[in-house]
Amino acid sequence: MKKIAALALGLIFINANAYAKDIYVSFAGGFRRMKTKVYANSMSIPDTRDSTSPLNAEAALGWHLNEFFRSEIALNFTRSSTKEIDIVNAPFKVKSTSYGGMLNFYADWKIWNIFIPNIMIGLGVQNNEAKIKGEPFTTTFSKAKASKTAFAWQLGVGVDIPLSESFKGMIGYRFRDYGFKNKIDFNIPNNTLHINNDKYHLILFGVKYRF
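Each residue of the sequence shown is one higher than the one before, starting from 1 at the first, in full-length UniProt numbering.
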């Protein structure tokens with residue numbers, strides 16, 4: 001969390017020369033789909049498990065660099081759960097929580113009045129937490145929760161839909177990668193369980209207000 005806060009403050013200072021009239025805020029929510037990799041040193045576990053996110057939110061503070069380019073600082077939060085994993089009649093689930101900060105850059109194509117297509121790229125850090133839920137298998141774990149902070153990046157496309165002079169609707173797709181060294185390990189007797197939520201696909205719907 002300290003790393004994410006430090007990054008956000010640094011990015012704010014870097015872009016402190018933005019004019020007030022160019023500033024906007026946005027809020028969005030949506031759906032996330034990803035593969036959670038669950039594997040062990042000596043157990044037979046499926047390589048991946050589908051995981052969906054019922055809770056996914058993002059808030060951003062942005063500024064227009066010129067007519068066609070803009071940047072923003074975005075904070076995001078997601079929560080998801082895998083389907084049940086059964087090992088020797090001892091089922092459990094992996095519940096994941098992720099939050100982080102990104103510096104995003106957008107290129108807008110203002111060629112139509114009814115909607116404005118865009119592409120984007122983002123860089124930042126993400127904290128990922130995994131919890132083991134289920135009995136009786138989880139009683140053999142030395143811990144039921146672990147987390148790791150890692151570098152993250154994302155690519156996306158979307159459209160802005162003007163609703164008024166100040167408000168716009170947003171629809172977007174993101175591919176987000178948690179980057180390197182994101183594997184979370186859980187120690188059990190004579191074995192280690194590895195969990196890796198390294199990338200996912202995200203659909204966002206939101207609103208933007210320009211000051």
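Every residue gets a Cβ at the ideal spot worked out from N, C-alpha and C, and that includes glycine. All figures in this text were calculated on a predicted structure; none of them were measured in a lab.
Near residue i, what residues of its chain come up, given a Cβ to Cβ distance below 7 Å and the 5 sequence neighbours on each side ignored?
i: G124; result: L7, G100, G101, M102, L103 and A152
i: Y19; result: Note that Y19 scores 48 on pLDDT, short of 50, meaning its location in the model is unreliable; the coordinates nonetheless yield the value given after this. None.
i: P117; result: W109 and V159
i: Y24; result: G62, K208, Y209, R210 and F211
Closest to residue i by C-alpha separation, out of the options, would be which residue?
i: F205; options: A150, I161, L193 and L155; result: I161
i: W63; options: N76, F105, T149 and K93; result: F105
i: F68; options: I111, K95, K93 and F92; result: I111
i: I132; options: N76, L202, I119 and K95; result: K95
i: K168; options: T97, F115 and I119; result: F115
i: I121; options: N127, A107, N113 and M170; result: A107
Quick one: Cα of residue i to Cα of residue j, how far?
i: F211; j: N196; result: 40 Å
i: K37; j: F31; result: 19 Å
i: G156; j: M34; result: 16 Å
i: H194; j: A146; result: 11 Å
i: D177; j: Y209; result: 28 Å
i: Y200; j: L65; result: 29 Å
i: S166; j: K93; result: 44 Å
i: R79; j: L202; result: 12 Å
i: L163; j: R174; result: 23 Å
i: N127; j: I119; result: 25 Å
i: F77; j: N113; result: 32 Å
i: T149; j: D22; result: 32 Å
Ordered along the chain, which non-local residues of its own chain (more than five positions away) have a Cβ less than 8 Å from that of residue i?
i: G29; result: N56, A57, E58, L204, F205 and G206
i: M170; result: S26, A28, G158, V159, D160, I161, L204, F205, G206, V207 and K208
Once the 5 residues before and after residue i are set aside, which same chain residues still bring their CB inside 6 Å of it?
i: A60; result: S26, E72 and A74
i: E129; result: T97 and S147
i: S81; result: K93 and K95
i: G172; result: G156, G158 and L204
i: Q154; result: G122, R174 and R176
i: R70; result: G62, H64 and Y106
I need the DSSP call for residue i, collapsed to helix, strand or coil.
i: Y19; result: For Y19, the pLDDT reaches just 48, beneath the cut-off of 50, and the residue's location in the model is therefore unreliable, although a value from the coordinates is still provided. Of the three classes helix, strand and coil, the one that applies to Y19 here is coil, per DSSP.
i: E58; result: strand
i: L65; result: coil
i: F27; result: strand
i: L163; result: coil
i: Y173; result: strand
i: Y178; result: coil
i: F211; result: coil
*Where are the alpha helix (DSSP H) runs, 4 residues long or more, that stay fully inside the region 67-150, in chain order?*
none
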